[in-house]
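Accompanying notes for the structure given below.
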Amino acid sequence: MNPDNPPRDVAPPPSVPTEPQNAVPAEPATPPERVTSAATSRGFGPLEYAVKGTNPIAACLGFLIFAAVVFGVAWVLGWLARITELRIFAYVMILVILGGLFVVGYAFFQLIDGYRATYVYRGGLVWTHNRRVETAAWAEVDRLVTTAVAGHDPHGGRLVTLDGREATLEFGAGGEGFRDRILAALTEWHRPVDFSVADTPLPEEQKVNKRIAVACGVLGVPGGLFLSFPFFLVGVPIGFALAASYGTVALIVAGLAFFVPKLKVPAGVFFGLAGLILIIEANRRLETNFVLVTTAVIALEAAVVVAWRAVWRRLPAPRRLGGRQSLARQYGWRYEDTAQVPVAGLRTMSKLIGVPTGARTVTGEGVLVATAHGVECTVYDRVRRRPLMTDPIQTVWSVPLPVPVPPVTLTELALPGISLDWRGDVRISEPVPPTRGARILGRAVDAIPVAEHPEWWIEDRYLMVAEYGVTSTKTITGRIDYLTRLATSTPWTELADPAVWQPVEPTRWDDDAVFSPPVLEALRVADEERVVTLHTGEVLAVLARVDPQPGWAQLWQRTGTPAGAGLKESVDPRDYDRTPTPAYRGGTLLTPELALALTTADRIRTHYGYPQITTGVFALSLLAHRGTGATETLLAPGRLTHPQLLDVVRSTLIGGPLPGLEALVLQ
Numbered sequence: 001m002n003p004d005n006p007p008r009d010v011a012p013p014p015s016v017p018t019e020p021q022n023a024v025p026a027e028p029a030t031p032p033e034r035v036t037s038a039a040t041s042r043g044f045g046p047l048e049y050a051v052k053g054t055n056p057i058a059a060c061l062g063f064l065i066f067a068a069v070v071f072g073v074a075w076v077l078g079w080l081a082r083i084t085e086l087r088i089f090a091y092v093m094i095l096v097i098l099g100g101l102f103v104v105g106y107a108f109f110q111l112i113d114g115y116r117a118t119y120v121y122r123g124g125l126v127w128t129h130n131r132r133v134e135t136a137a138w139a140e141v142d143r144l145v146t147t148a149v150a151g152h153d154p155h156g157g158r159l160v161t162l163d164g165r166e167a168t169l170e171f172g173a174g175g176e177g178f179r180d181r182i183l184a185a186l187t188e189w190h191r192p193v194d195f196s197v198a199d200t201p202l203p204e205e206q207k208v209n210k211r212i213a214v215a216c217g218v219l220g221v222p223g224g225l226f227l228s229f230p231f232f233l234v235g236v237p238i239g240f241a242l243a244a245s246y247g248t249v250a251l252i253v254a255g256l257a258f259f260v261p262k263l264k265v266p267a268g269v270f271f272g273l274a275g276l277i278l279i280i281e282a283n284r285r286l287e288t289n290f291v292l293v294t295t296a297v298i299a300l301e302a303a304v305v306v307a308w309r310a311v312w313r314r315l316p317a318p319r320r321l322g323g324r325q326s327l328a329r330q331y332g333w334r335y336e337d338t339a340q341v342p343v344a345g346l347r348t349m350s351k352l353i354g355v356p357t358g359a360r361t362v363t364g365e366g367v368l369v370a371t372a373h374g375v376e377c378t379v380y381d382r383v384r385r386r387p388l389m390t391d392p393i394q395t396v397w398s399v400p401l402p403v404p405v406p407p408v409t410l411t412e413l414a415l416p417g418i419s420l421d422w423r424g425d426v427r428i429s430e431p432v433p434p435t436r437g438a439r440i441l442g443r444a445v446d447a448i449p450v451a452e453h454p455e456w457w458i459e460d461r462y463l464m465v466a467e468y469g470v471t472s473t474k475t476i477t478g479r480i481d482y483l484t485r486l487a488t489s490t491p492w493t494e495l496a497d498p499a500v501w502q503p504v505e506p507t508r509w510d511d512d513a514v515f516s517p518p519v520l521e522a523l524r525v526a527d528e529e530r531v532v533t534l535h536t537g538e539v540l541a542v543l544a545r546v547d548p549q550p551g552w553a554q555l556w557q558r559t560g561t562p563a564g565a566g567l568k569e570s571v572d573p574r575d576y577d578r579t580p581t582p583a584y585r586g587g588t589l590l591t592p593e594l595a596l597a598l599t600t601a602d603r604i605r606t607h608y609g610y611p612q613i614t615t616g617v618f619a620l621s622l623l624a625h626r627g628t629g630a631t632e633t634l635l636a637p638g639r640l641t642h643p644q645l646l647d648v649v650r651s652t653l654i655g656g657p658l659p660g661l662e663a664l665v666l667q
């Protein structure tokens with residue numbers, strides 16, 4: 001690490017090992033001479049780990065043997081179908097044959113990746129792919145993108161360099177020491193770990209995907225039938241003609257995928273359809289061994305896919321920056337092909353791709369400097385190199401703030417105490433008490449009328465958003481409007497004071513003596529069943545469940561049952577103005593609405609002389625205020641007004657009048 005340009009103001013992520021665990025490896029195997037020469041020329045120092053990847057030929061043979069077993073099972077099923085004349089065996093045989101064909105295809109695809117090996121040195125990494133050797137010092141690594149099966153530790157990943165090269169890692173082959181050594185190096189250089197989890201498409205993107213699917217179905221299926229006629233007219237058998245026509249459709253769609261990358265999937269579907277027709281027709285015409293003919297056709301298809309994949313990976317990606325130039329002309333904004341843009345700190349460095357550790361500025365491409373609501377917003381692309389079709393393109397929005405503000409993200413604001421570890425697993429820590437700064441910023445965020453907030457973050461003097469993919473002009477202007485609205489409606493000078501981000505002394509409700517036994521039991525059960533924070537709706541639902549008195553049935557006759565209303569699943573709004581300080585019971589953070597309900601219950605107990613907070617008093621307090629999850633859920637059907645609801649609770653669960661209750665609640 002360059003001591004003259006140290007990283008700033010962000011500590012290493014605590015959820016990533018800072019030192020290799022179980023990292024005392026056996027003496028690593030001697031690497032090939034070309035690997036040793038490459039490491040020596042880079043000055044990487046001693047070798048620590050040597051990990052060879054899966055042998056592709058052995059993997060292919062293993063799957064082919066498994067496919068042979070599957071086809072053997074299919075033969076047995078066919079024999080049973082003949083001697084028993086039961087159709088069920090024939091149907092199952094067809095399914096087993098299809099499964100065997102899939103295994104054969106997968107076996108050939110094992111050959112695509114070739115031989116890989118990874119060599120970890122003290123100063124960097126050397127990896128080989130067949131005969132090609134590549135190197136990267138730890139300072140040249142951008143991030144690790146892990147791959148994992150749900151519920152298990154990552155079994156591997158891709159170590160991506162700042163210039164876009166990738167080293168494929170297999171953690172299982174190298175053991176925990178190899179994995180932890182990689183993670184320790186990333187932590188030392190403040191490099192992030194990403195998780196290869198497919199995001200749910202945004203509503204706008206879902207509509208586009210649906211239109212593409214409909215268009216491909218409406219045009220591609222009849223188009224393939226139409227194209228088969230010329231082949232048929234020149235004497236090509238109908239089966240081969242259909243295979244050739246749908247193969248042509250696949251090529252056309254694959255060509256269009258250069259401009260619309262989402263078309264890769266429909267192209268694969270049409271190619272698979274052409275291959276299936278070709279398998280059927282080839283077996284019908286040749287009348288030889290079904291397995292051999294099918295395997296040969298699948299091998300041919302695999303070769304075509306490999307060739308197309310190799311071409312696709314080398315094609316330059318379309319940039320589509322004309323939309324930004326049009327926006328600049330339309331609104332009088334400024335556009336530049338490239339410009340130096342600031343890097344606020346290590347948090348920003350880890351979120352943007354291709355940013356070296358400690359960098360103060362980085363190059364943005366397709367830079368649009370816009371102004372909205374009197375605030376400037378800079379939009380630009382981040383790429384690691386001249387992007388190819390498989391390279392990520394990241395669009396970034398950046399709004400300068402008038403003063404430096406302590407770092408915070410939307411996720412930290414909305415879900416305090418929840419984070420992801422290096423495995424991608426959710427970790428729930430001790431709930432973070434809300435601060436005055438969080439309340440101020442939360443109000444500003446909630447005031448913006450959008451269906452879904454972008455994942456913004458704040459660092460130093462910048463409010464930023466980064467999203468992957470080529471963004472439309474609609475998305476660009478929408479994010480500009482959102483961020484500039486947030487920038488103009490937030491009192492940044494007040495948030496710049498570190499004191500507003502300090503947790504205030506919380507209110508605690510740990511005195512069990514003030515609660516009756518049913519209320520204590522309800523609080524205990526609700527605490528066991530909670531997700532993170534305790535809400536009014538779940539407490540009221542549990543209270544009704546554990547309390548045996550018959551008044552609850554009369555209440556549900558008027559409001560509807562808790563299950564039908566979704567009372568337990570209701571959540572309180574994030575309105576920290578309801579109570580000035582965070583409230584806890586034990587180690588559980590209560591919502592401001594639940595804290596207010598407890599305050600109201602204790603006030604009722606004291607005012608009316610109850611020795612303890614009874615079931616009826618607590619239920620009345622949980623429903624005493626509008627806007628809480630419990631109150632709004634029971635009022636949603638429209639059967640009762642709020643005063644009527646309180647009267648029903650008072651008559652069924654308390655049994656007597658409480659004069660002056662309304663004034664007491666308002667107090």
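Letter by letter, the sequence shown follows residues 1 to 667 of full-length UniProt numbering.
Ideal placement from N, C-alpha and C gives every residue a C-beta, glycine not left out.
Everything numeric in this text was worked out from a predicted model, so none of it was measured.
- In this structure T484 touches V375 by the C-beta definition: roughly 4 Å separates them, less than 8 Å.
- R309 sits in a helix when the DSSP states are folded into three classes.
- For V379 against I476, the beta-carbon gap comes to about 6 Å, under 8 Å, which counts as contact.
- Ranked by Cα distance from G358, the options A328, G656 and D142 are led by D142.
- Judged by DSSP in its simplified three-state form, A244 adopts helix.
- In the three-state scheme derived from DSSP, where H, G and I count as helix and E and B as strand, L658 is classed as coil.
- By alpha-carbon distance to V369, the top candidate from L388, T390, R347 and V396 is V396.
- As computed with DSSP, H129 is found in a beta bridge with R116 and R132.
- Burial is judged here by how many other beta carbons sit within 10 angstroms of a residue's own beta carbon; P46 has fewer than 16 and is exposed.
- Closest by C-alpha distance to P56, out of I83, V76, P407 and H129, is H129.
- Taking 8 Å as the cut-off, the Cβ atoms of G100 and A74 count as close.
- Per DSSP, P406 is one residue of the beta strand (DSSP E) stretching across Q394 to T409.
- For Q340, the enclosing beta strand (DSSP E) stretches over residues R334 to P342.
- Contiguous alpha helix (DSSP H) elements confined to the segment 77-124 occur at 87-109, taking only those with 4 or more residues.
- Exclusion of the five residues before and after W79 leaves no residue of its chain whose Cβ lies closer than 7 Å to its Cβ.
- With a cutoff of 8 Å on beta-carbon distance, R324 and Y335 are scored as near each other.
- Bridge partners of A167 according to DSSP: L159.
- Annotated as proximal: L645 and L623, with beta-carbon spacing under 8 Å.
- Taking C-beta atoms as the reference points, T588 and H535 fail to come closer than 8 Å.
- For A499, DSSP assigns no beta-bridge partner whatsoever.
- By the beta-carbon neighbour count (other beta carbons within 10 angstroms, threshold 16), V234 is exposed.
- In this model, L401 and R461 are separated by some 5 Å (Cα to Cα).
- Ranking T54, L594 and A254 by CA distance to the CA of T118 puts T54 first.
- Excluding sequence positions up to five before and after V96, its CB lies within less than 7 Å of the CB of V70, V73, A74 and L77, all in the same chain and listed in chain order.
- Residue range K264 to L286 is occupied by the alpha helix (DSSP H) that includes F271.
- Under the three-state reduction of DSSP output, Y482 falls in the helix class.
- Listed in chain order, the non-local C-beta contacts of I440 below 8 Å within the same chain comprise T490, P491, E494, L495 and V500, local neighbours out to five positions each way being set aside.
- A residue is called buried when at least 16 other Cβ atoms come within 10 angstroms of its Cβ; Y468 does not meet this threshold and is exposed.
- Apart from sequence neighbours up to five positions away, the residues of its chain that approach I604 with a beta-carbon distance below 6 Å are V617, ordered along the chain.
- Taking a contact as a CB-CB distance under 8 Å, the pair T295 and V104 counts as one, their CB atoms being some 6 Å apart.
- The Cβ atoms of V249 and G220 lie closer than 8 Å to each other.
- Put simply, the backbone Cα of F270 is about 35 Å away from that of D163.
- Secondary structure at G366: strand, using DSSP grouped into helix, strand and coil.
- Ranked by how close their Cα comes to the Cα of L227, the residues A274, H190 and A372 have A274 in first place.
- In this structure, DSSP gives Y468 an extended state, which the three-state scheme calls strand.
- In the structure shown, the three-state DSSP call for E459 is strand.
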